[in-house]
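Per this note's numbering: the sequence shown = residues 53 to 236. Where a beta carbon is used, it is the ideal one built from N, C-alpha and C, also for glycine.
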Amino acid sequence: MAIDTLGFLELNSIAKGIEAVDFMLKAADCQLISAKASCPGKYYIIISGRVDSVERSIEEGTRIGGMHVVGKLTIPRIDPKVITAISMTHVPDNMSAVGAIEYYSAAGSIIAADFAVKAADVDLISLQLGTGIAGKSFVVLTGDVDSVRAAVDAGVEGAKEEAMIINHIVLPNPRPELVNSLVF
Numbered sequence: 053m054a055i056d057t058l059g060f061l062e063l064n065s066i067a068k069g070i071e072a073v074d075f076m077l078k079a080a081d082c083q084l085i086s087a088k089a090s091c092p093g094k095y096y097i098i099i100s101g102r103v104d105s106v107e108r109s110i111e112e113g114t115r116i117g118g119m120h121v122v123g124k125l126t127i128p129r130i131d132p133k134v135i136t137a138i139s140m141t142h143v144p145d146n147m148s149a150v151g152a153i154e155y156y157s158a159a160g161s162i163i164a165a166d167f168a169v170k171a172a173d174v175d176l177i178s179l180q181l182g183t184g185i186a187g188k189s190f191v192v193l194t195g196d197v198d199s200v201r202a203a204v205d206a207g208v209e210g211a212k213e214e215a216m217i218i219n220h221i222v223l224p225n226p227r228p229e230l231v232n233s234l235v236f
């Protein structure tokens with residue numbers, strides 16, 4: 053299965069979210085990246101696969117979720133670094149700068165991360181989607197200072213129509229203790 057598209061569905065009912073996952077996975081050939089309850093009482097579903105399969109699964113999840121769907125997103129040609137960052141954290145060897153972009157929604161950080169890694173030569177350290185942080189989300193990336201600035205600017209610009217940003221930063225020469233604290 054070609055994994056080139058990411059699908060994201062956000063519901064405000066955990067039970068309905070669990071039901072939606074089952075129907076989504078039965079509707080089309082997709083890979084489940086994550087399905088979990090989050091703050092504040094939301095349920096996030098992230099899938100990947102071919103564009104047509106992801107679109108079909110998101111449509112089915114939207115149908116099942118009904119009035120409980122609060123957001124949905126399909127990103128064709130997603131950069132594989134984004135899927136890796138959602139699944140786990142990654143600490144690259146060379147970190148001459150760290151950038152962070154923070155949103156009120158999980159979708160904002162997913163979109164920003166994809167724009168950021170496509171715009172500049174950066175690595176994603178983590179992509180945190182709402183769990184334990186009151187439904188907020190953030191993406192943390194690293195690389196050389198100019199690349200991190202370009203990536204953060206691209207992420208902010210790319211997600212501005214879809215999500216409400218809280219803040220963004222670029223830190224040149226971060227202390228190792230700070231970097232270690234970002235990996236959780």
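Closer than 7 Å by C-beta to residue i: which residues in its own chain qualify, once you throw out the five before and the five after it? Chain order, please.
i           : result
residue 182 : 90, 91, 94, 96, 158, 188, 189
residue 185 : 91
residue 214 : 159, 160, 163
residue 173 : 195, 199
For residue i, which of the options has the nearest alpha-carbon?
i           : options            : result
residue 176 : 122, 203, 186      : 203
residue 199 : 233, 212, 219, 152 : 152
residue 66  : 209, 87, 193       : 87
Is it right to say residue i is buried, meaning 16 or more other beta carbons lie within 10 angstroms of its own, or is it exposed?
i           : result
residue 166 : buried
residue 119 : exposed
residue 133 : buried
residue 230 : exposed
residue 254 : No information on residue 254 is available, as it lies outside the stretch 53 to 236 that the chain covers here.
residue 154 : buried
Suppose the cutoff is 6 Å on Cβ atoms and the five residues either side in sequence are ignored; what does the same chain contact list for residue i look like?
i           : result
residue 125 : 60, 159
Per DSSP, what kind of secondary structure is residue i in: helix, strand or coil?
i           : result
residue 88  : strand
residue 228 : helix
residue 94  : strand
residue 195 : strand
Going by beta carbon distance, what residues of the same chain come within less than 8 Å of residue i, once the five residues before and after it are set aside?
i           : result
residue 222 : 149, 150, 151, 197, 200, 201, 204
Length-filtered (3 minimum) beta strand (DSSP E) runs lying within the region 104-155: Considered as a whole, the region 104-155 harbours 121-128, 149-155 as its complete beta strand (DSSP E) runs of no fewer than 3 residues, in chain order.
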